[in-house]
Every structure is written in C-alpha cells, then in structure tokens.
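*Asks:*
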Amino acid sequence: MFLRTSIFRFDMELKSLCKNADKGNSFVGISYSDSKPSIFFPMSYNIPETNQECQKSIFSLFRTIYISNKYNLSSNYLYDSQDLRNQLPIYSYLWMLNDYLNNGLYSNKDTEYKVNGSGKINWKKTIRSEPYFNDNQAIFLKTITQRQIDKNDIITKIHIKCLNIAYQTIGFIYGNINIPIDDFNYANDYLLSILIKEQYKTFVDRKKHLISEMINILKESSSEMGHNKIKSFGTYNFEAVWEVIISKLFGNEPEISKFYPSSFYIFEESTGYQRMQNSKLRPDTVLNFNDKHFILDAKYYSFELYNNLPNSSDIQKQITYSDFMNTILSDGVDIYNAFVLPYNSKTSKLGPKEIRYIGYGETEWRNMTNKTHDKVSLILLDVHFALEAFSKHQTKLKLDLLTDEIKKSTNH
3 MFLRTSIFRF DMELKSLCKN ADKGNSFVGI SYSDSKPSIF FPMSYNIPET
53 NQECQKSIFS LFRTIYISNK YNLSSNYLYD SQDLRNQLPI YSYLWMLNDY
103 LNNGLYSNKD TEYKVNGSGK INWKKTIRSE PYFNDNQAIF LKTITQRQID
153 KNDIITKIHI KCLNIAYQTI GFIYGNINIP IDDFNYANDY LLSILIKEQY
203 KTFVDRKKHL ISEMINILKE SSSEMGHNKI KSFGTYNFEA VWEVIISKLF
253 GNEPEISKFY PSSFYIFEES TGYQRMQNSK LRPDTVLNFN DKHFILDAKY
303 YSFELYNNLP NSSDIQKQIT YSDFMNTILS DGVDIYNAFV LPYNSKTSKL
353 GPKEIRYIGY GETEWRNMTN KTHDKVSLIL LDVHFALEAF SKHQTKLKLD
403 LLTDEIKKST NH
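Residue numbers for the sequence shown follow this note's numbering, beginning at 3 and rising by one.
(1) So, at 7 angstroms on beta carbons, what are the nonlocal neighbours of I157 in its own chain, with the 5 sequence-adjacent residues on each side left out?
(2) Going straight from the alpha carbon of K21 to that of R368, what length do you get?
(3) By a C-beta neighbour count over all protein chains shown, 10 Å radius and 16 as the cutoff for buried, is N48 buried or exposed?
(4) How many whole angstroms separate the CB atoms of F261 and F326, which I take to be in contact at a CB cut-off of 8 angstroms?
(5) With DSSP collapsed to three states, give me the class of S77.
(6) Three-state secondary structure (DSSP) at G31?
(7) Cβ atoms of P263 and K282: under 8 angstroms apart, would you say?
(8) Using the beta-carbon count (16 or more within 10 Å), is R358 buried or exposed?
(9) Going by Cα to Cα distance, which pick from G106, S265, P285 and K377 is closest to S259?
(10) Put F186 into one of helix, strand or coil per three-state DSSP.
(11) With a threshold of 8 angstroms between beta carbons, is Y93 in contact with chain D?
(12) Could you pull out every residue in the same chain whose Cβ sits closer than 8 angstroms to the Cβ of L194, ignoring the five residues on either side in sequence?
(13) Out of T204, T371, L298 and N100, which has the shortest C-alpha to C-alpha gap to I179?
(14) Note down, in chain order, each residue of its chain lying with its Cβ closer than 6 angstroms to the Cβ of T204, except the 5 sequence neighbours on either side.
(15) Just to confirm before moving on: does the CB-CB distance between F42 and S28 stay below 8 angstroms?
(16) Need the endpoints of the beta strand (DSSP E) that D384 sits in, please.
(17) Leaving out five residues before and five after S77 in sequence, what residues of the same chain have Cβ atoms less than 6 angstroms from its Cβ?
(18) On a CA-only basis, which of F235, H161 and S18 is nearest L197? Give me that one, please.
(19) Cα separation between M3 and G31?
(20) On the DSSP bridge assignment, give the partners of M278 in chain order.
(21) Closer than 7 angstroms by C-beta to S83: which residues in its own chain qualify, once you throw out the five before and the five after it? Chain order, please.
(22) If you count every other CB in all the chains shown that lies within 10 Å of the CB of I9, and 16 or more means buried, which is it?
(23) I'd like the list of long-range same chain contacts for H414, defined as Cβ closer than 6 angstroms, with 5 residues on each side in sequence excluded.
(24) Please report how far the alpha carbon of S35 lies from the alpha carbon of A189, in whole angstroms.
(25) Only counting the same chain, and skipping five residues up and downstream in sequence, which positions put a Cβ closer than 6 angstroms to that of W244?
(26) Could you check where the beta strand (DSSP E) with D299 kicks off and where it finishes?
(27) DSSP three-state label for V335, please.
(28) Terminal residues of the continuous alpha helix (DSSP H) containing T171?
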C-alpha cells in the first residue's frame, strides 16, 4: 500500500513549555489551552536545559502520574469530577507513538502461495505434489513458494488516524517524525464498532494492545471533551502522588495495617449504645531496615520556597503511630519518625545530595525523653531523583542513606 506521509513541524525548545507548580494544590501535568501545551512539574523539580533531557523528564512525569493512579483502588483518586472529564488518554498516545517508532505501521499480511513463483519454498506443500523420479530420487518439478503480501486493511487506516491524533497532541515532545497522512473520513462511532468486533477475534499480542489503545484514542476524540478548548492530563492533588511515591520507593512492611491505631466510644447503658469504633489512623509508609522501624510521612510542602513545614498535629500524629507500634513490637526495637519533603538538590544552597536531613520536630511535653521516636526527622528528597526512580519501578534505593539521615535526629 502506497502511503503519502507528512512531517508535522515541531521545532521548539521544550524547556520554554515547562514550569514548576507554585504551591501544593497547583496543577501538575500537561494542560492545553487553544491547542497550546504547557507542562507543569511538581514543586522543586529541577527542569533540565536540553531538549533530550526535557523529553526524558516529561515522560517520567507522565509515567509517574499514570502509575500512581493505578496503585489506588479508585480510578479517580487523583482527580475531582471536572479533572476526570478533561483527562486526555496520554498513555495511549505515548504507546501509539513509541510502538510506531519501534515497529512501524501496522499491516495485515496475507500469505500468498504460487507454483514455481518467487519467494521462499514451502516444502510441506511442495512434497504433497506429485514428484518425478530419476534414479530412484524424487525430483519436484513444481515447487510451491510463499510470500507475505500486504492487505489493504481498514485496521491500518484506523491506525493512521490514531497516529495523527496522538502526534498532533504530544508530537512536540518527540520532534519531527514522518507520519502517514490521514485521509480516512469515517465517523468515529463506525470505526469504534469495527475495532470492538476485531478485538474479540484477535489473539496476537501487539494487535490486541494496538486495538485497545486505538479505542481509547477514538473514544476521547468522539467525546464532548474532544471538542473542549481546555484539555489536560494531570492532577491538582499531587500530594496524593507524593504519598504513593514515598510508599513505593521506601515502604516494605507487608502487614502495615497492624500498625493502625484506633479509638472508640463507650456509652452509658441508658443511651442504648454499647461501643462505637472510630476510623483508624493510617501511617503512610513503614520501613523495616536493619532491625529498626521507620515511620515515614510524605509531605508535599515547599520548605525551600516558603519554609512551609508540617504543623503540631502532624508531629503528634507521628508520635501516636510510634507509641502504638511500640506496644506491638518486642522490647528494644528502635522506632524512628520522619517527614519526607520534596526539594531540588541541584539548586539548593544546602548542596547536591539526593536525600538530606535538615532538622527535626518535637512536642514540648515530650522533649526530655530518650525515645528515638519522640523526634520527627525532617528529610528532603530530590524530586527529580524520586520521579525517575518511581517511574522506572526502581524501589528500595538508597535505604542506607535514608535511614542514616533519619537517625541524625538522635544526635541532639
């Protein structure tokens, strides 16, 4: 099939499209207004200078948001209803373009068989034909050859349409790529019906995945959202993403629920009630390392910009967690508390260090004890490092450094 191709021109500096969120509830992700993209990184993320490094950072951001939402039971964990309605299928766009760069355009190939034709000999079919014998040796005068021929398939045309949609939306991240021209003018509902039917009779992995992503893209293109001027992929609740990142990077307690402290009410008999359970407190992350327990609380606060730190109730909650843990664990087990905040190690006046201790928090009424968990260490974690590791599923990194930094609070 002869295809006319077109190169969309995307000659732009990616850094000019990127900026940092300026506060905790600011949007993080990619947003379009009148087809113009803007990319918002988390607070304190170090935005690279070059296009190549910016591209890596953008992909890392997208993967982080996508993966963190998958870790939660509710599909709208990161979004309110308005966010959810405006979410672009970024993962489908990325998969579509990466698959195209690696495998090319999908083609439905048929096998053509010919007698004495060009191509590879199919010996299984050839030996079934009548041979000519010479000196008791079988000679096949007619050989059956086979070759793969492209079938002008409607799935290929839908693939081209979806490639064009994906590339027009996020192609600026990739730069200039040859994409076949989309001249397939059928209603999306009709194309979706074809894909859904094809999905049920397809057993080839790549084709199954391809059809699934094309369905996502066409559904978005057909929806009311597809005609909105403002589209996005991201969240105003990056605090929830930060919690998932810290939990997956550093948490390793398989039975964390046993460390959930609870409370309840006991009523007078005259009320008709006996006992009412309150909801349990839930620590974000528990790390067990070298026979010591570390309770980590992810705090998406910008210490560098505003000296913004967790308040008294946060400190008290950490101490409550550790007091309860102390009743469960055997005597002599050390327990430590820490808040984990984002920072930019590349630009920080504190110097380049991916994980850094900067102090601790304590309560006035327990500041004279020798218990390790009565102080809550303040830990800064480089955001660029955190997103890169999380998006690549690289967990349990630098645990020696993290725990050594947390334990510094006991030196005071």
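C-beta: ideal position from N, C-alpha, C; glycine also. All values reported here derive from a predicted model rather than from experimental measurement.
*Replies:* Well, looking at it:
(1) Y108, N110 and E200
(2) 42 angstroms
(3) buried
(4) 7 angstroms
(5) For S77, the predicted model reports a pLDDT of 45, less than 50, meaning its position is unreliable; a value from the coordinates is still stated below. Residue state, collapsed to three classes: coil.
(6) strand
(7) yes
(8) buried
(9) P285
(10) coil
(11) Within the model displayed, chain D is absent; a lone protein chain is all it includes.
(12) I217, L220, K221 and S224
(13) N100
(14) K210
(15) yes
(16) V378 to D384
(17) Low local confidence applies: a pLDDT of 45 at S77 is under 50, so the model's placement there is unreliable, and no value is given.
(18) H161
(19) For M3, the predicted model reports a pLDDT of 41, less than 50, meaning its position is unreliable and no value from the coordinates is stated.
(20) Y267
(21) Any answer about S83 is weak, because its pLDDT of 44 lies below 50 and its placement is not dependable; what the coordinates show is given next. Closer than 7 angstroms at Cβ, skipping near neighbours: no residue.
(22) Because the pLDDT of I9 is 47, which lies under 50, any placement of that residue in the model is unreliable, and the number read from its coordinates should be weighed accordingly. Its Cβ having fewer than 16 others within 10 Å, I9 is exposed.
(23) none
(24) 25 angstroms
(25) A300 and Y302
(26) K294 to A300
(27) coil
(28) I156 to Y176
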